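Input: a single structure, listed below in structure tokens.
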Amino acid sequence: MGSCFSTIKVSGSNSINTPPAATTNAAVNGQRKESNKPAPITTKNQDGSNHNQQKTQHKKDSKQIKPKRQGGIIPCGKKTDFGYDKDFDKRYTIGKLLGHGQFGYTYVGVDKFNGDRVAVKKIDKNKMVLPIAVEDVKREVKILQALAGHENVVQFHNAFEDDSYVYIVME
Numbered sequence: 006m007g008s009c010f011s012t013i014k015v016s017g018s019n020s021i022n023t024p025p026a027a028t029t030n031a032a033v034n035g036q037r038k039e040s041n042k043p044a045p046i047t048t049k050n051q052d053g054s055n056h057n058q059q060k061t062q063h064k065k066d067s068k069q070i071k072p073k074r075q076g077g078i079i080p081c082g083k084k085t086d087f088g089y090d091k092d093f094d095k096r097y098t099i100g101k102l103l104g105h106g107q108f109g110y111t112y113v114g115v116d117k118f119n120g121d122r123v124a125v126k127k128i129d130k131n132k133m134v135l136p137i138a139v140e141d142v143k144r145e146v147k148i149l150q151a152l153a154g155h156e157n158v159v160q161f162h163n164a165f166e167d168d169s170y171v172y173i174v175m176e
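To convert, count from 1 in the sequence shown and add 5; that's the numbering used here.
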């Protein structure tokens, strides 16, 4: 970006920088100074304090005024009932960790009734802070249900939930 060729007049200040006529003439003639860095402008109030320090102090004061919420934020996922089955622990056992993503982890699971190995995506409800995250999980389950039976897509078995997690069971 280019340098600013205008000068700012601060009331009660004595500027030691280049005179306004020199910078204005340079701007009119289209000339630039040799250095790429703009000359530092120091302005002092009548009491001698630095203007930038006052700005910084004002920013600190404004941050301190903001009230903090007490009790914390309840994630949208934590207070949402997804409508999925609640008996995951009765049906499946979770085994070795396969991988992880933004919201949760994927494990090897075993169906307790027939011994089939499955992939279990365990999604933490506490990480679903925004409503869009809840909608993303619901949409993922709907898409997997709609694509059930397709030979090129992983097969969806079922979705479960408890108070803390949503479980998506796939082949």
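From the three backbone atoms N, C-alpha and C, an ideal C-beta is built for every residue, glycine too. Owing to the predicted nature of the structure, the values given are computational and were not obtained by experimental measurement.
Please look up how many angstroms separate the CB atoms of residue i and residue j, rounded, as I've assumed it's under 8 Å.
i	j	result
N131	K83	6 Å
Q160	E145	In fact, because the Cβ distance is near 14 Å, the residues do not count as touching under 8 Å.
T98	V115	5 Å
F87	K143	7 Å
V158	A164	That pair is no contact at about 16 Å.
G109	D90	Actually they are not in contact, since the Cβ atoms of G109 and D90 sit about 18 Å apart, beyond 8 Å.
Tell me whether residue i is buried or exposed, calling it buried when 16 or more other Cβ atoms sit within 10 Å of its Cβ.
i	result
F118	exposed
Y153	Rather than Tyr, the amino acid found at residue 153 in this sequence is Ala. Counting Cβ neighbours within 10 Å, A153 comes out exposed, since fewer than 16 surround it.
A138	buried
S169	exposed
E3	Any property of residue 3 remains undetermined from this structure, which presents the chain solely from 6 to 176.
T173	Checking the displayed sequence, the identity of residue 173 turns out to be Ile instead of Thr. Burial call: buried.
E156	exposed
L135	exposed
DSSP beta-bridge partners for residue i?
i	result
F165	D90, Y172
H155	Partner(s): none; H155 has no beta bridge.
I79	Paired residues: none, contrary to the question.
L102	Y112
Sort the options by Cα distance to residue i and report the nearest one.
i	options	result
H162	F93, L103, C81, D168	F93
L103	V113, R96, L135	V113
D100	T111, M133, D141	The question names Asp, yet the displayed sequence has Gly at residue 100. Among T111, M133, D141, the Cα nearest to that of G100 belongs to T111.
G120	D141, R96, H105	R96
C81	M133, I148, G106	M133
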